[in-house]
Each structure stands twice: as structure tokens, then as C-alpha cells.
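The opening position of the sequence shown corresponds to residue -19 in the numbering used here, with each subsequent residue numbered one higher. Note that beta-carbon positions come from the ideal geometry of N, C-alpha and C, so glycine has one too.
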Amino acid sequence: MRKINRILIVNDDGIDSIGLKSMVKIAKQICADVWVVAPMYEQSGVSRAISIHDPIFVEQRADKTFAIKGTPADCVVMGLEVLLDKQPDLILSGVNRGHNAADFMHLSGTVAGAGMGSTYNIASMALSLMGSIKSDYKTLNWQMVEKSAPDLIQKLFDMQFDTQNIININFPDCEYANVAGIKTCKQGKRTDKFVIVDKRENLRGSSYYWINFKPMAEQPQAGSELEALQQDFIAITALSQNLTNYELNDIIKKSL
């Protein structure tokens, strides 16, 4: 077992979220030196945006705990460049309210937090709990994640995986006793339009819009994290930072 000397926690649901509290409980089971750098406000859907047009404000909430007026990627940058006196061994992003699987991964601030950690060559993992953007925080099975995650994180860290990759972990929303097991999965793909645009009208008669997500498809792709979650498995997907499609590159090269 490799010792984890320091953990940095970030998220996208914000410094006051229940999921962050669960992440701290998980981290403290495997490491004595735990730091938190999280957004002041919810930052879901911002992906890996960084604040280059706005100043970053930092508010210390407690020892080794900081709220950042910015994105999850900003939190990683501020933690590593300003707030921590030395780099952590591991970055944990989450625990997010709602799964970050399939197409959602590209939008996720939670996955992006881990991705930004990977750019610093630090082992990074994203953790999410099945649910929806409308889910009540209090009704989700946070205790299941708190029981399941510590041993899983330690085992993954012991593998010494290439830090140019990140590990994306999605937990089903079920009781600990009902978890079917752990599956390594491919990234799924939503075959339907997974966003909806709701048009509304204000009191002055002007139109405005809300963008939201549709529920998960009932019949997800075989072998995907969506299928695993539907079957109450913990879904693990290794994601590469290198987005190059070598096969398509070769086709383009031969065609030009």
C-alpha cells in the first residue's frame, strides 16, 4: 500500500455542499493531511473554464479550507500555485450530486477539476453520485459512497497509473448493501438530445431561456457507465487527456 501524504479536494457543487463534506470524510480515512479549495458558489457545467477575465477572490473558511470565487479549474490552479506549500499526492474532485457519465463528462466541472490536476502530473480522480440536477441532496446515499470510496481510491492510487490520465468514478444511488459490485466501463453516448431549452417570459413580456438536462436514457449502451449505474454497479472509467483520434488522423492524412 502506497502512503498518501497529502490530498487536495476540489468540486463544482460549491464549498457548502453535502457532497464536499462526504469527500472530506472519505479523504480523511486514507490521509491525515487534507486540503480543500472549492468554489464559493455552484459551478456545475462549466467544464475546464478558467477565469482569465475576472479577478480571483479567496476566503479562508477554516484550517486548510478555502473558498474561491471561481471555477473548479481555478480552484486547482489557486491551490497548487498559491495556497499549498507543496503539491499533494492526490487530487479528488467531488463528490458530485448527479452522475458524470457519457456526454455529461465534457461539460462536468467535477471531471474538469480532476483533469486540471492531471495537467500538473498529479494523480487525480473524479467522484460522482447518481442523481439528477433536481435531486434533493439529503435523499441521496452519501453514506454508501463514504463506505465504498476510501478502499477503492487507495487501490487505484496503488496502481500508480499514468497521471496523464484521470479516473472517473460514478456511484449508483443505492444502499451500501445493494451495490452490485465494481465495473470498468467505456464512456457511454446519449443517443437522444440530452438537453432541453425552456422558453419563458418575464413580467415585461420579454423572453428568456433556461437550459437543463433530460433524464438518463432507459436503455443505455452495453458496457457503458450508464448501463453499470442502472444495474447498481460502481462504474470506473479511465479517461485520457490526449484527445487525438489517431485513426481519423490517418484517414485525413491519406486523403490530403
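Legend entry - Range covered by the alpha helix (DSSP H) that runs through LEU87: 84 to 87
Legend entry - Beta bridge counterpart(s) of ASP178 as assigned by DSSP: TRP190
Inset, instruction - From the DSSP output, read off the bridge partner residues of PRO19. - result: ILE48
Legend entry - Pair within 7 Å by beta-carbon distance, GLN221 and PRO130: no
Legend entry - For ALA103 and MET139, the rounded distance between their alpha carbons: 11 Å
Legend entry - Backbone secondary structure at PHE37 - three-state DSSP: coil
Legend entry - Per DSSP, the bridge partner or partners of ARG184: Answer by DSSP bridge pairing: none, since ARG184 is not bridged.
Legend entry - Three-way DSSP call (helix, strand, coil) for LYS163 in this model: strand
Legend entry - Of the residues ASP69, THR45, CYS55, GLN40, the one placed nearest LYS(-17), counting alpha carbons only: ASP69
Inset, instruction - Tell me whether the beta-carbon of SER128 lies closer than 7 Å to the beta-carbon of VAL75. - result: In this structure, SER128 keeps its C-beta atom at 7 Å or more from the C-beta atom of VAL75.
Inset, instruction - Kindly identify the DSSP beta-bridge partner or partners of ASN229. - result: BP columns for ASN229 are empty, so no partner.
Legend entry - Beta-carbon proximity of ILE(-11) to ALA7, cut-off 7 Å: yes
Legend entry - Option in ILE(-2), GLN67, PRO52 with minimal Cα separation from MET96: PRO52
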